[in-house]
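Number of protein chains: 2
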Amino acid sequence: MLYLNGKIISNSDATIPTNDRGFLLGDGLFETIRCAQGSPAELEAHWNRLAMGANYLQLPLLLSMNEAQHNIEKLLAVNNLNQSAGARITITRGAGARGISIPQHCTPTILITVFPRNKNTGSTSLCSSHIRINEQSPFTRFKTLNYLDKIIARQQAQNNGFGDALLLNTKEHVVSATTANIFFVKGKTLHTPAIEEGALPGITRQKIIHFAAEQHIACEEGTYMLKDLLTATEVFITNSIIGVHPVNAINKIKFNALPKPTHERFHALFE
Amino acid sequence: MLYLNGKIISNSDATIPTNDRGFLLGDGLFETIRCAQGSPAELEAHWNRLAMGANYLQLPLLLSMNEAQHNIEKLLAVNNLNQSAGARITITRGAGARGISIPQHCTPTILITVFPRNKNTGSTSLCSSHIRINEQSPFTRFKTLNYLDKIIARQQAQNNGFGDALLLNTKEHVVSATTANIFFVKGKTLHTPAIEEGALPGITRQKIIHFAAEQHIACEEGTYMLKDLLTATEVFITNSIIGVHPVNAINKIKFNALPKPTHERFHALFE
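Top line first, the protein sequences correspond to chains A and B.
Using this note's numbering, you'd call the opening residue of the first sequence number 3 and step up by one each time.
Using this note's numbering, you'd call the opening residue of the second sequence number 3 and step up by one each time.
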């Protein structure tokens, strides 16, 4: 079951018209939210990012955060997802006339889906992509429906036998994995690419920065080259669904398992 | 009436499932094609670009060019669009499981719509946008479903009282308007931004370059700054639907109507 434009209906009945601007032009936004014990986690942070994006897109948010929470909880219940789960809220500008100009009147499409969340065990490998993130783009600050560059970067990495792609920006600075922020440890300091480099201001990224401060671990948001990452003692990626996930290799460089890795502490705090 | 996955159906019956990757992730491509006398024009050039994009995306093209032509002609006939019209072919990866990884098996969604094409008269104004095109992106070479940057650039220009946005790339070089290539005249030479600057290899752009060669007009594909455009004697934009369309102003700089503008000759050749 899912939520579509005010109704909870079966997945198989859920369709949108072919003139939805989300479908034709990628004119929309989404959020993917971790859920536990039948409720969404950090919904306010996700909602703030969604609202900021909607404001930039001049896209009216027809749902309140409380209504979103209520519907996610209802969906988790009817789908028997009482343990670890995830929810995705998708908002598009809705149906409109031909062309890219934004119609004067349009009714946004709102879709909410839920899914089981499998706790990630093990680790992943990254392969640096030739696809570059445009760090000057205002759209790196929120999650738009324009994911083709990341889809293809992931696919090319997987074709080469890696788990995911490592993305650099047009200045060759490290940005992130395709759907996760990246952190690395050097000496006693934790590092993560600054938002200005094109990194998504991830909700889990922000939580890790907060945990680090609480634990008195120095954490820098900076500008890094690929070589900074390759000479780290530890690398991990984060997002709301995978949580804190270690990276075992980047390109041909392998990271040896440490006796007491930093990521395990963050993983425990996050979960 | 439109064409959806092998069938010609009414617009109001045409829906796609909410888990179509075109809708959720912008995972797809499109082409917009000028039609005249009941047939698409330059279909082979459009099809070649679509096929190149599909190949890069590893997206199987389930339709042949002949089938596309046949269906466009059928749609133009049933919709009584016997004169000037346009067609849009949209191809997405189809429905898939959650996440950006490309599913092993998926059946692409194919949508073809047709619409009346009003001959553009008059002229338009452009406002330079703060949104930058990533000239390093392989996706500038074809038309993907990821149009949010262009939608917002157009909207911001229109909010400022202009007809469309002028887009620069991350190096501040001129690229194009939001949905049209740009040309300008200086002395006796026609200029247009090179493909390497992030300009779409437009079908009409290519036709203009071809017409210029036939007419012994020098035409250069180069690297240009905004000031090069602002000191031109004539500026026009081109795409398959608007054809050749003059620009009367960029930002605060107005272009005076010339007694024998170059664009009129190209307009006549194109139409």
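Just so it is clear, CB atoms sit at the ideal spot from N, CA and C, and this is done for glycine as well.
Between THR206 of chain A and chain B, is there a C-beta pair that is closer than 8 Å?
For THR206 of chain A, the answer is no, since every Cβ of chain B falls outside 8 Å of its Cβ.
For the region 26-39 of chain B against the region 84-96 of chain B, are there 3 or more C-beta pairs whose distance is under 8 Å?
With a cut-off of 8 Å, the region 84-96 of chain B and the region 26-39 of chain B count as touching, because enough Cβ pairs lie within range.
For ASP15 of chain B, count neighbouring Cβ atoms within 10 angstroms of its own Cβ and tell me buried if that reaches 16, exposed if not.
Flag for ASP15 of chain B reads exposed.
Using a Cβ-Cβ cutoff of less than 8 Å, which residues in the same chain neighbour PHE25 of chain A once the five nearest sequence positions on both sides are dropped?
Result list for PHE25 of chain A: ILE18 and THR94, in chain order.
Looking at the structure shown, is TYR5 of chain B part of a helix, part of a strand, or coil, going by DSSP?
If DSSP states are grouped into helix, strand and coil, TYR5 of chain B belongs with the strands.
How many angstroms separate the CA atom of ILE114 of chain A from the CA atom of GLY8 of chain B?
So the alpha carbons of these two residues sit roughly 29 Å apart.
Applying the criterion that 16 or more other CB atoms from any shown protein chain within 10 Å of the CB defines a buried residue, is LEU128 of chain A buried or exposed?
Buried, since its Cβ has 16 or more Cβ neighbours within 10 Å.
Do PHE117 of chain B and ARG100 of chain A have their C-beta atoms within less than 8 Å of each other?
Yes.
Taking the beta strand (DSSP E) that GLY163 of chain A belongs to, which residues open and close that run?
Counting along the chain, GLY163 of chain A falls outside any beta strand (DSSP E), and DSSP gives it neither H nor E.
Compare the C-beta of PHE25 of chain B with all C-beta atoms of chain A and state if any pair is closer than 8 Å.
Judged by the 8 Å Cβ criterion, PHE25 of chain B is in contact with chain A.
Let's test the definition: count the other Cβ atoms within 10 Å of the Cβ of ILE205 of chain B and tell me whether it reaches 16, buried, or not, exposed.
The residue in question, ILE205 of chain B, is buried, as its Cβ has 16 or more Cβ neighbours within 10 Å.
So, at 8 Å on beta carbons, what are the nonlocal neighbours of ASN140 of chain A in its own chain, with the 5 sequence-adjacent residues on each side left out?
Strictly speaking, residue 140 of chain A in this sequence is Pro, with Asn absent from that position. The answer, listed in chain order, is TYR58.
Helix, strand or coil for LYS76 of chain B, going by three-state DSSP, please let me know.
Three-state DSSP puts LYS76 of chain B in a helix.
Between which residues of its own chain and ILE154 of chain A is the CB-CB distance below 7 Å, once the five residues before and five after are set aside?
Within the same chain, ILE154 of chain A has close Cβ partners ILE133.
On the DSSP letters alone, give me the boundaries of the beta strand (DSSP E) that ARG90 of chain A sits inside.
From DSSP, the beta strand (DSSP E) with ARG90 of chain A extends over 87-94.
Could you tell me the distance, in whole angstroms, from the CA atom of ALA70 of chain B to the CA atom of PHE272 of chain B?
Going from the Cα of ALA70 of chain B to the Cα of PHE272 of chain B covers about 23 Å.
Shortest alpha-carbon distance to VAL80 of chain A belongs to which of A:ASN13, A:THR20, A:THR92 and A:ALA270?
Comparing Cα positions, the closest option is A:ASN13.
Name the chain A residues that come within less than 7 Å of GLY28 of chain B, Cβ to Cβ?
Residues of chain A passing the Cβ test: GLY28, LEU147, ASN148, TYR149 and LEU150.
Mind pulling the chain A residues with CB within less than 9 Å of GLN160 of chain B?
Near GLN160 of chain B (Cβ distances below 9 Å), the residues of chain A are SER103 and ILE104.
Just to confirm before moving on: does the CB-CB distance between PRO192 of chain B and SER178 of chain B stay below 8 Å?
According to the sequence provided, residue 192 of chain B is Leu. The question's Pro does not apply to it. In this structure, SER178 of chain B does not lie closer than 8 Å to LEU192 of chain B by Cβ.
Let me know if GLU46 of chain A comes out buried or exposed under the rule of 16 or more other beta-carbons within 10 Å of its beta-carbon.
GLU46 of chain A should be labelled exposed.
Quick one: list the residues of chain B neighbouring PHE141 of chain A, beta-carbon separation under 7 Å, in chain order.
Going along chain B in sequence order, the residues near PHE141 of chain A (Cβ under 7 Å) are LEU150 and ASP151.
Counting along the chain, where does the alpha helix (DSSP H) carrying PHE272 of chain B start and finish?
Element bounds for PHE272 of chain B: 264-272.
How many whole angstroms separate the CB atoms of HIS175 of chain A and THR225 of chain A, which I take to be in contact at a CB cut-off of 8 Å?
HIS175 of chain A to THR225 of chain A, Cβ: 5 Å. Contact.
Select from A:GLY96, A:GLN106, A:THR264 and A:GLY30 the residue whose C-alpha is nearest the C-alpha of LYS188 of chain A.
With distances taken between Cα atoms, LYS188 of chain A lies closest to A:THR264.
When we look at the beta-carbon of SER66 of chain A and count the other beta-carbons within 10 Å, is it buried (16 or more) or exposed?
Looking at its Cβ environment, which holds fewer than 16 other Cβ atoms inside 10 Å, SER66 of chain A is exposed.
In terms of residues, what are the limits of the alpha helix (DSSP H) holding THR115 of chain A?
Note, THR115 of chain A: premise wrong, no alpha helix (DSSP H); beta strand (DSSP E) at 111-118.
Return the chain-ordered list of same chain residues with a C-beta closer than 8 Å to the C-beta of MET3 of chain B, the five sequence neighbours on each side being excluded.
Closer than 8 Å at Cβ, skipping near neighbours: ILE10, ILE11, SER12, ASN13, LEU77, VAL80 and ASN81.
Counting only Cβ pairs nearer than 9 Å, list the residues of chain A close to GLN60 of chain B.
Chain A residues near GLN60 of chain B: ILE154, GLN157 and ASN161.
Cβ of ILE184 of chain B within 8 Å of Cβ of VAL246 of chain B?
Going by C-beta atoms, ILE184 of chain B is not nearer than 8 Å to VAL246 of chain B.
Cutting at 7 Å between CB atoms, please list the residues of its own chain near GLY98 of chain B, excluding the five before and the five after it.
Answer for GLY98 of chain B: ASN21, ARG23, PRO105 and CYS108, listed in chain order.
Which chain B residues are close to ILE93 of chain A, counting only those with a beta carbon under 7 Å from its beta carbon?
Within 7 Å Cβ-Cβ: nothing; ILE93 of chain A doesn't reach chain B, min ~12 Å.
Return helix, strand or coil for GLY55 of chain B, following the three-state DSSP convention.
In the structure shown, GLY55 of chain B sits in a helix (DSSP, three-state: H, G or I).
In this structure, does DSSP put ALA179 of chain B in helix, strand or coil?
ALA179 of chain B falls in the strand class under three-state DSSP.
For PHE141 of chain A, does the three-state DSSP call read helix, strand or coil?
Helix.
Ends of the beta strand (DSSP E) at ALA251 of chain B?
That run of the beta strand (DSSP E) goes 245-252.
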